Structure formats: structure tokens, C-alpha cells
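Shown next, in C-alpha cells, is the structure this report addresses.
2 protein chains.
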Amino acid sequence: MTDDVQHMKWWGWGVDGVGFHWQDKPGFAPFVEQAVGLDLHTAPPVDPPSFDDITVAASLASPAFVSSLASIVGADHVTTDKLDRVVHTYGKSLRDLVRVRANLIERAPDLVVYPGDEDEVQRVVDAAVAADVVIIPFGGGSNIAGSLEPRADETRVVLSLDMGRMRELIDIDEESGLARIQAGALGPDLEQQLGARGWTLGHFPDSFTHSSLGGWIATRSSGMQSDKYGDIADIVRGLHVVRPSSAGVSGLLVIRPIPSSSTGPSVREMIVGSEGRLGIITEATVVVHRIPAKRDVYGYFFPNWEAGIAAMEEIAESDATPSITRISDARETGFSLATSKERHGFDKFAAGTVLPTLMKSKGWKLDDICLSFIGYEGGEAHATRQKKLVDRIVKKHGGMGVGKGPGVLYDQKKFDTPYLRDFLLDRGAAGDVSESAMPWSKVNQLHDNVVAAAEKAFDEIGIKGWIMSHMSHSYHSGACLYFTFAFVFGKDPLGEYDVVKRAIQQAFIDNGGSLSHHHGVGLEHAPWLEQDISSQGVAVMRGLFEAVDPGANFNPRKIVADLKEPAEVN
Amino acid sequence: MTDDVQHMKWWGWGVDGVGFHWQDKPGFAPFVEQAVGLDLHTAPPVDPPSFDDITVAASLASPAFVSSLASIVGADHVTTDKLDRVVHTYGKSLRDLVRVRANLIERAPDLVVYPGDEDEVQRVVDAAVAADVVIIPFGGGSNIAGSLEPRADETRVVLSLDMGRMRELIDIDEESGLARIQAGALGPDLEQQLGARGWTLGHFPDSFTHSSLGGWIATRSSGMQSDKYGDIADIVRGLHVVRPSSAGVSGLLVIRPIPSSSTGPSVREMIVGSEGRLGIITEATVVVHRIPAKRDVYGYFFPNWEAGIAAMEEIAESDATPSITRISDARETGFSLATSKERHGFDKFAAGTVLPTLMKSKGWKLDDICLSFIGYEGGEAHATRQKKLVDRIVKKHGGMGVGKGPGVLYDQKKFDTPYLRDFLLDRGAAGDVSESAMPWSKVNQLHDNVVAAAEKAFDEIGIKGWIMSHMSHSYHSGACLYFTFAFVFGKDPLGEYDVVKRAIQQAFIDNGGSLSHHHGVGLEHAPWLEQDISSQGVAVMRGLFEAVDPGANFNPRKIVADLKEPAEVN
Numbered sequence: 001m002t003d004d005v006q007h008m009k010w011w012g013w014g015v016d017g018v019g020f021h022w023q024d025k026p027g028f029a030p031f032v033e034q035a036v037g038l039d040l041h042t043a044p045p046v047d048p049p050s051f052d053d054i055t056v057a058a059s060l061a062s063p064a065f066v067s068s069l070a071s072i073v074g075a076d077h078v079t080t081d082k083l084d085r086v087v088h089t090y091g092k093s094l095r096d097l098v099r100v101r102a103n104l105i106e107r108a109p110d111l112v113v114y115p116g117d118e119d120e121v122q123r124v125v126d127a128a129v130a131a132d133v134v135i136i137p138f139g140g141g142s143n144i145a146g147s148l149e150p151r152a153d154e155t156r157v158v159l160s161l162d163m164g165r166m167r168e169l170i171d172i173d174e175e176s177g178l179a180r181i182q183a184g185a186l187g188p189d190l191e192q193q194l195g196a197r198g199w200t201l202g203h204f205p206d207s208f209t210h211s212s213l214g215g216w217i218a219t220r221s222s223g224m225q226s227d228k229y230g231d232i233a234d235i236v237r238g239l240h241v242v243r244p245s246s247a248g249v250s251g252l253l254v255i256r257p258i259p260s261s262s263t264g265p266s267v268r269e270m271i272v273g274s275e276g277r278l279g280i281i282t283e284a285t286v287v288v289h290r291i292p293a294k295r296d297v298y299g300y301f302f303p304n305w306e307a308g309i310a311a312m313e314e315i316a317e318s319d320a321t322p323s324i325t326r327i328s329d330a331r332e333t334g335f336s337l338a339t340s341k342e343r344h345g346f347d348k349f350a351a352g353t354v355l356p357t358l359m360k361s362k363g364w365k366l367d368d369i370c371l372s373f374i375g376y377e378g379g380e381a382h383a384t385r386q387k388k389l390v391d392r393i394v395k396k397h398g399g400m401g402v403g404k405g406p407g408v409l410y411d412q413k414k415f416d417t418p419y420l421r422d423f424l425l426d427r428g429a430a431g432d433v434s435e436s437a438m439p440w441s442k443v444n445q446l447h448d449n450v451v452a453a454a455e456k457a458f459d460e461i462g463i464k465g466w467i468m469s470h471m472s473h474s475y476h477s478g479a480c481l482y483f484t485f486a487f488v489f490g491k492d493p494l495g496e497y498d499v500v501k502r503a504i505q506q507a508f509i510d511n512g513g514s515l516s517h518h519h520g521v522g523l524e525h526a527p528w529l530e531q532d533i534s535s536q537g538v539a540v541m542r543g544l545f546e547a548v549d550p551g552a553n554f555n556p557r558k559i560v561a562d563l564k565e566p567a568e569v570n
Numbered sequence: 001m002t003d004d005v006q007h008m009k010w011w012g013w014g015v016d017g018v019g020f021h022w023q024d025k026p027g028f029a030p031f032v033e034q035a036v037g038l039d040l041h042t043a044p045p046v047d048p049p050s051f052d053d054i055t056v057a058a059s060l061a062s063p064a065f066v067s068s069l070a071s072i073v074g075a076d077h078v079t080t081d082k083l084d085r086v087v088h089t090y091g092k093s094l095r096d097l098v099r100v101r102a103n104l105i106e107r108a109p110d111l112v113v114y115p116g117d118e119d120e121v122q123r124v125v126d127a128a129v130a131a132d133v134v135i136i137p138f139g140g141g142s143n144i145a146g147s148l149e150p151r152a153d154e155t156r157v158v159l160s161l162d163m164g165r166m167r168e169l170i171d172i173d174e175e176s177g178l179a180r181i182q183a184g185a186l187g188p189d190l191e192q193q194l195g196a197r198g199w200t201l202g203h204f205p206d207s208f209t210h211s212s213l214g215g216w217i218a219t220r221s222s223g224m225q226s227d228k229y230g231d232i233a234d235i236v237r238g239l240h241v242v243r244p245s246s247a248g249v250s251g252l253l254v255i256r257p258i259p260s261s262s263t264g265p266s267v268r269e270m271i272v273g274s275e276g277r278l279g280i281i282t283e284a285t286v287v288v289h290r291i292p293a294k295r296d297v298y299g300y301f302f303p304n305w306e307a308g309i310a311a312m313e314e315i316a317e318s319d320a321t322p323s324i325t326r327i328s329d330a331r332e333t334g335f336s337l338a339t340s341k342e343r344h345g346f347d348k349f350a351a352g353t354v355l356p357t358l359m360k361s362k363g364w365k366l367d368d369i370c371l372s373f374i375g376y377e378g379g380e381a382h383a384t385r386q387k388k389l390v391d392r393i394v395k396k397h398g399g400m401g402v403g404k405g406p407g408v409l410y411d412q413k414k415f416d417t418p419y420l421r422d423f424l425l426d427r428g429a430a431g432d433v434s435e436s437a438m439p440w441s442k443v444n445q446l447h448d449n450v451v452a453a454a455e456k457a458f459d460e461i462g463i464k465g466w467i468m469s470h471m472s473h474s475y476h477s478g479a480c481l482y483f484t485f486a487f488v489f490g491k492d493p494l495g496e497y498d499v500v501k502r503a504i505q506q507a508f509i510d511n512g513g514s515l516s517h518h519h520g521v522g523l524e525h526a527p528w529l530e531q532d533i534s535s536q537g538v539a540v541m542r543g544l545f546e547a548v549d550p551g552a553n554f555n556p557r558k559i560v561a562d563l564k565e566p567a568e569v570n
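Taken in order, these protein sequences are the chains called F and U. The opening residue of the first sequence carries number 1 in the UniProt record's numbering; numbering runs sequentially from there. The opening residue of the second sequence carries number 1 in the UniProt record's numbering; numbering runs sequentially from there.
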């Protein structure tokens, strides 16, 4: 494994030594017992899996091919090492983690290559295509849609192209607020380099610490502050994408950083979301902002979900422009209160006597209340004014502000959620997420019907399950609902997971939502693509992929299946 | 010609009886004489061309084919009538008007069909594709990029599909702020129907009165208030596109109105800008807004262009969110002052003694000052606050406000500009426009170099020409510059036009701008596409078109040439 690039642990999220702990959260164990019937006191965690137990088929890469790549990137940056191949087999979806922990590695990539610059990427791509090798680009490895794994029946050599060495901020055009950044930069790499010069990208997905700019672009990512900064499609203006070169024609696709353009179907918007199928994204020129003078996240409580959503809808339509609008449903609010630590002021407020007394005086029910976070960014006066505008709307819908305490907590914990999934897996339980965007008029209906569909699925497999949700992003015409679900595995973990996951995805589609708002399609969501964008929409996308990659060398059969094997994905 | 659809006059912009008049604008004739050497007093306009002089080749459509279409849309809604064919031959570009006035109609469509609903569109499309007919969709006919004309050497039957009967507002989802509207609705149709229910689309391109929703989408249009409402790509969420149906598979491509989505390369963003090449847009679901309580456009003067652009750039980066930011360069400011009518208060101010006195006191030069319009929309308090924020920035850059007078004038005159082109053509002179978007860091450089390139081109053809510009749209990371140029024709109108137009387009590309910001590609801009989005970008787009329309039935050879004939366009 190359020394230059740090990966997450092969069997779970994040880095060794960081994890979720419950002993300092007095409400957590009772909550989990009540929600999914798991007694944390009597369910000791399993030990981390041993890498020695993992078996991987021999690499199909010939020594000659490996050596030809070594001559491009250097011998240290091409490898058929077992650990490297396992790390690059999957992303970090629940399905991925269950499989890797159970030594279910049907098809690992045959080799991993770490290019150091765009020219090396071009030469690797050309060598791979010439040898009819499959290329799968790899950023931070945080994908949860199955976008990274080789198909089980792939008989050609599979090359995982790890972009981790290409993580530099190349340049900032300070006059235009545009930064050129290499695609392999992880969130912290990138914000650190920008921050040192007074700038921010403002893109903070849950995966921020372990996901890359190129990965965000390839999967159409959205960050927590996208109400202000936009989704990645809004943020990315310029792009470099390496495609096969041919006699006299450079393989480099260049989209220049134009703010807006009227040059036919948007090739930029074809690259965004392409999950490697159109080529290898090597750099992007992105819209950046000066770090705002003021940045605050405030907490609010609403008497119930409907009131909270009505407020969010009115905020989206109003003149107010908060940077974050987020509200948890009653179940997720209960979860948040349960995961609070004792010592924090806010938690005393919430878990102690203050909140119950307050609610009684308002006639609120503890089982109905919803916790909301709303962020304000910009100049001092702007942030203050936005809060004033929002506070008025919150009040109109019966909500109340509870200050910055919860917002500070939210800010501190916002990137920790993925660790909870490993905590549950260690104890034989599933925890996963799925999200959808929909018009405002469908938000309540979709929310209730997804919860009902999940509960029906839990009943079907005969387990006690849990599902909760928050509205994570809002737009003028709609919002994104983000669902988290959990259950204790029975005898067939992946079979049970499929029943629940499928019920949720189908309910998204049936209730006017997209199959995915910011996690991409990969293999996991591909079965619903036709229901989302219609057969003709899929035909257009398929036509694009087949025309542009006739040899099916670029992450084939992701998003849509090849014509030859439609049954496999659809 | 069907009675249900009104067209612009066949030889020019707009409707009979409306035109540009100079006698009530005392500064205009001297201005024109000085700018392009045309003496309006001694250059009497030519009479409108006579339709009898126009010759069109016989229609290639067989009676059987015409009759098969009549059985779909009704006999009144399919025609091979000469006037109908001529109206549908071209858009309204300068090249189009020169040609049609000179009876240069190389290839008219063979028939025109007016479908009444989506089902009829599907049946027409299927019949046309089965008969290997070329289909060119037609909205308001205002296109200026050559997107509407059949290629001269097209040997197949060409069908112009006029969407003018499909212009209904189908539905408003008031909770989500989304309206379903048929693609053939012209600007006024659409705003009238929305306005009656208290809503607005907020999309006001110069062509507003004679362009359609479907045309805006097909060419990636932008309106004057897009700073607030977004470009058409931002506005359009849902789409219906009719493509050929096949056994068991509907031809209707449906993109549902999702606010944001992560479902692979954006098919929505492939349709936007596709100029008919991917199918026929029949309806769209668009983001609409409640008509704001307040809507004002204020005028400002800046001492010079650089100061004005610096202010616009700072506004774009600030917390302020005006609905319009627009500034004319010194030349266009001179033109605006010259086209003012005597009687208006503002014009007295500008053309009388007030402005000169004021400028003297500030040390400004009349030849340098730049007129700017900035719009504020929303609630009363919001609009007031935005103006306050903007006024502070204007002042910092040495500008000064001159009240609402010029804004009212601007609002009244904003859709009249195209009539000026006919006025000039009637007098043997060219007037045309071309626009580009670029990062802020390139705005001044591009502006100056485009002016220089145009002047060099004027010299080259040995004429006295004129070019002026305004910044028409701004974004966080850049802006759009909109250039207007004019000259008196010599012996070879289109040859001379080509020299100037090419010089301007090439200067866009050479100075970091897009080849087009909101007019599309068509035939007119196709030669620069490769320089704009790179060979690989064009290869991706070409791959898409060829895969999705293998028979080349949908407006072929627009945007990019077919593989078979790359030389023709590129």
C-alpha cells in the first residue's frame, strides 16, 4: 500500500481509534432497547474482523501489465497487494460492510494504481483501454451506492484508480471566487488549503472527512449547507476529465469555468453524476466563498412535524436565505435527545426538567416535538437579519427558538454519524440511510408513507425495526428527506436488509420523490432508475454511455446496465 | 396558415404596425450618423419586401404523407402553404432577415404541422420517423442561432413542428411553487395565465413577446431578472419530451419535477439546450413565484466602466441579492441617452443641463460615464434593504443613484430592441447582438478585446462600424457581457457580417468566455463549440446525439455536425 495515501479501515468507517460510545449517554441504551429490542448491556460487541480470515482470488493482472503501469506511475504506486485490493473492493454501504466483515469478496479489483498527476492518469487510461482493462476511479472510498465494486462476473482485468495522491489546491482566482482543485482532495485537505487563504467551499456532506472532490462530483453530492452554497452541480464550473486519447486527439475533456453557458446539452452536467462512466475526473474549478464573518446554527423546537415542515416551506418561499434549514421528525428528535451527553447545558435543558415544564406550559407532547437546526451565514448584519426573518416564521407556526446550544452540538457531532453504523454492526444490528427529494406538496405524504412502508417491511421479516427522518435540504420548490433505519439482524442479514431498503426506495418513487438526492445510483439504486426518469430517460443515458465508452472500460454497468444484460440491474 | 397560431411577420421581427421611430428622439439621428455614417434624413427606408417576390421550391411532402398527418392533427393543422413554409424556414437572426428579404430561401421545410396535444405530437413523430422525415420543432420563431432552418442539402422531407397551439397553463402546485405549462406558450401567454392566479415565472428574455417556453428550454435561455429567478436550466424541473415510440415502449420521456436529484448524468440538463435533437419538448414543470409585493428598477451612473464592473462584482460577492444587475459601457450609455425621448423627466435630466452640471461637479467625463440598472424585488422591507446594501457598494465605487426614472424607461422599452434591427435593415445597415459569459477576472479584458476585435474587423472590410456592450447577468463567479454591433452594408452584406461576427466570437473564446450565454448554438455558433468545450466535450455530445437519434431525424446537424460531414459545420 502506498505511503502517500491514507485509507479508512478496511472493515468499517473512518480511522482506528475513533468510534461511537454510549456509556456517557444515559438515554441511549434504553432508547435502543425500546427502538429495536437490542440490550446493549447484554450484547457485547464482536471483535474487529481479522484480515487473515479474508480471502481474495489471485489477481488477473499480468506482471507485464503491472510493470507497464509501474513505468508510468512508479513502482511504489501500482500494487496487487491483498489489503489494497480489499480496501478498493467496496465503498462503505451497509451491504459493503456486511460483506467485507463476512469475507464475501466475490470480485476484488486486480490492481490498484495511484497516479501522481493528470498526465499519468492519461497514460494509465490509455494503457488500460488498449489492454481492454476495466477502470474504476476511487476517491475517499465512502460511496454507499455500490459505485466502486467490480461486477462479480467481470472476466477482464479490473484496475482501481485511486486519486488520493492528487489532492492539491492548484490556484484561486480571488477576483472570481473560483478555485482549481485536484479531484483526489478529501474534504479536510481541501478546506484546510482554502481556509489558509481565507476561503471556503462550503460543501459539507456527512462523509466530509473521508470523501473527495472527485467523488462528490461523480455522485452528485450535496452538503449540509447547500441551502446557501448549492449542491455540487451548482458549485462545479470547470472540469478536467481524462478519456482515452487517440491519434492526434487529446483525451483530455476540458470544461472551462464559465458561470453559465448556452452551448447545447450540458456536458458539465453529464460528467456530474457519471460515477466514472464517462472518464476520470482529475480536477475541478469550483465556486468558493470568503469565510463569512458570522456563522451560527440555532436550535428550534416545533410542536410537531407538520408545523415544522410548514415553517420550512414558508422560509423557502420567503425573502429569508438561511444557510441551513433542517428539521428532525419526532422519532429522530427522540433519538437526538437520547444520544445527548449529560454534561452539556443544552442536554440538561432537554433531558432535565426545563423542557418538560416548558412543553407542559405550551401544551406540547414529548412524543410529537421536532428539533430543528437553522443556520445563518454572512456579514454580521445579514446573519442577524436572516435570523429575525426566520424567527418570525417559526413563531407563526408555533415553534420556539432554544438558542445556539444545540447548534454547537450539531456542529460538533455532524460528521460522527457513520461511526454509529459500525457500532450497531459490531452488535449484530443494521443501521443505514436513504434519502429522496420531492416537491413541498409531497413532503408529508412521502414521509408518512415511507415510515409505513418500512414498518410493513419490518413486520414482513418479523423483526422490531426503527425508522426516523429529517429534512436535510430545502429548495424553493421542495426538500430532501433523509431517512435512517435500524434493526437487529435475523438469520439472513442481506436478505432482510433488501426487504427494508427496497420498501423504502419504492415508497420514494410511489410518493413523488427521487430515488436518490445525493448518494448517486451505482448498483444499489439502479433498479428504480427507470421508474424515476422513465424508460426513455434511461434510454438516453444508456445511449450516452454506450456511445462514449464503446468498449465498456469505464466502470461498466453502474447507474444503468449494459444493453447486453438489462435483466441484471433492472 | 392555421388560424389558431399567430406568427411574426415573415420578413422581420414582431407584428405589423409596431416599429422603431426616431423622429421623437432628437439625439438619435446625429448619433447614428456619428456611429456608422448613416444619415437618416437622406436614407429613406426601403418598402417592406413583397411576398410575391419570394420563391420556394415545391414541397417534397407526398400527398399521402400530408394526408396521414391530417388524420392525426386535422386537415386545418397540416399545411404545405407557401407563407407557412417561409415563416418556418428561418428564425430572426440578422443572417435570416437578410436572406429572407433577399429571397435567399435555399431550403424551406416541406410542410408545417400544428399538433394540438401531446398525443398528437407522439403520433406525428412516429409517422415522421417511420417515413424517415426530418422534424424541426418551432416555438415562437425568434431563434437567432440558425437552429430552425433545414440544412440546404437535406434531401429528405422536412417537417416543421409548430407548437403554437399548445400554450396552456395546465396546473399550478401552489404549495411547491411549480407550474405545469405546455411548451408552445409564448411569454405573454404564460405570464398572463400565471399572473391571473398571482404567480410569475420571472423569465424575461429580450425576445419575451415572441418566444416560447419550449424554445427557452431548447436553447438554454436567460431572462433579464435571472439574477433572482435563475436561468431556464434552474427554472425547469419537470419535462415531457416526445421521442419515437417502439413496440411496447412509450416514446414519452418524463422527468418528474424534483427539486434536486442524484440520479446519474442529468437527463434534464441534456434536454435543456438540445435544440430539438433529442426529441420534442411538449411541456415543462417550472419553478414559479408569487408576484412580489415590491418590484423596482433603479438607475445609477458610474464614472467609468471599470468602476461599474468593480461594483457589480462586489455586489455579486456580497450578501445583497438584487433581481437585476446591469450596466452599459460608455458607448451603450451614449446610445441610451441618444435614444431617449424629449418629454420624459429623466431624459430632460440626462440630455438637458442637469447631468452635465452634475458631472462637472464630480469631475466625470460624458464619454466615460456608464448607466446601470439594478432591480429589487420581494417584500417591501427586503427590497428596501437590498437597495441599501447595493447603494453602499455603488457609492464606494464612485457611482451615484438617479432614481427610478430610468428604470421605468428601461422596463417600458426592454422588449423593443429587436425592432431596431429591422429599422436598420430597412436602411441598408446591419445591427446584431452576440453575448458571452466569463469569470469576473476576465470581464474587462474580454470587453476591451472584443471591442478591439470588432473594430479591426470593421477596418478589414473598410466600413465605419459600431460596437457597444452591457453586462446583462451576474453570478457569484462571473457575468455575461452582451454586445450590440452595427454597420452600413457594403457590396456583400453576409460576407461583411461574417467577418465581424467571427471576429467577435473568436475574441470571446480567446478571452475566456463562452461562445454563447443564452442564445444557443444552432449553426451560427457551432464552429466555436470545440474551442469552447474541447474536442472531447464535442465527442461526448456527438455520441449522445448519434446514439439517441440513429436515423438523424431530429433537427440533424445542429449544435454539432454529424460524423459524416464534420467539415460542414466545423
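Ideal Cβ placement from N, Cα and C applies to all residues, glycine included. Owing to the predicted nature of the structure, the values given are computational and were not obtained by experimental measurement.
Could you give the residue range of the alpha helix (DSSP H) that holds residue i?
i	result
F:H470	Looking at the DSSP string, F:H470 is not in any alpha helix (DSSP H); the run it does join, the beta strand (DSSP E), is 465-475.
U:Q34	28-36
U:R502	493-510
F:V451	443-460
If I follow the unbroken beta strand (DSSP E) through residue i, where does it start and stop?
i	result
F:D171	169-173
Among the options, whose alpha-carbon lies nearest the alpha-carbon of residue i?
i	options	result
U:G279	U:S221, U:K228, U:I217	U:I217
F:I105	F:I136, F:D76, F:D153, F:A128	F:D153
U:A437	U:D416, U:H473, U:D448, U:G405	U:H473
F:T484	F:V36, F:V297, F:V15	F:V36
F:P137	F:A561, F:D171, F:N555	F:N555
U:H525	U:V86, U:S93, U:G140, U:Q6	U:S93
U:A75	U:V100, U:T417, U:V113	U:V113
F:G465	F:A453, F:T321, F:S477, F:A486	F:A486
U:S372	U:R268, U:K404, U:T42	U:K404
Suppose you measure from the CA of residue i to the CA of residue j; what does that come to, to the nearest Å?
i	j	result
F:V451	F:R331	11 angstroms
U:D47	U:G202	37 angstroms
U:S176	F:E317	9 angstroms
F:V394	F:K388	10 angstroms
F:A179	F:V32	44 angstroms
F:A561	F:R542	8 angstroms
Output, in chain order, the set of chain C residues within a Cβ distance shorter than 8 angstroms of residue i.
i	result
F:I504	The question asks about chain C, but that chain is absent: this structure's protein chains are F and U.
Within the stretch 51-132 of chain F, note down every full beta strand (DSSP E) run reaching 3 residues or more, in order along the chain.
-> 111-113
Does the stretch 501-512 of chain U come within contact of the stretch 454-466 of chain U, defined as at least 3 CB pairs closer than 8 angstroms?
-> Taking a cut-off of 8 angstroms for Cβ pairs, the stretch 501-512 of chain U and the stretch 454-466 of chain U touch, as three or more such pairs fall below it.
Inter-stretch contact at 8 angstroms, needing at least 3 Cβ pairs: the stretch 16-33 of chain U / the stretch 420-439 of chain U | yes
Would you check if there are 3 or more beta carbon pairs closer than 8 angstroms linking the stretch 245-253 of chain F to the stretch 205-222 of chain F?
-> no
Quick check: the stretch 508-519 of chain F against the stretch 529-538 of chain F, are there 3 or more CB pairs under 8 angstroms?
-> Short answer: they touch.
Validate contact between the stretch 282-297 of chain U and the stretch 144-159 of chain F using beta carbons, cut 8 angstroms, 3 pairs = By the Cβ test, the stretch 282-297 of chain U is not in contact with the stretch 144-159 of chain F, since fewer than three Cβ pairs between them sit closer than 8 angstroms.
If we count Cβ pairs, one from each stretch, closer than 8 angstroms, do we get three or more for the stretch 69-87 of chain F versus the stretch 467-481 of chain F?
-> no
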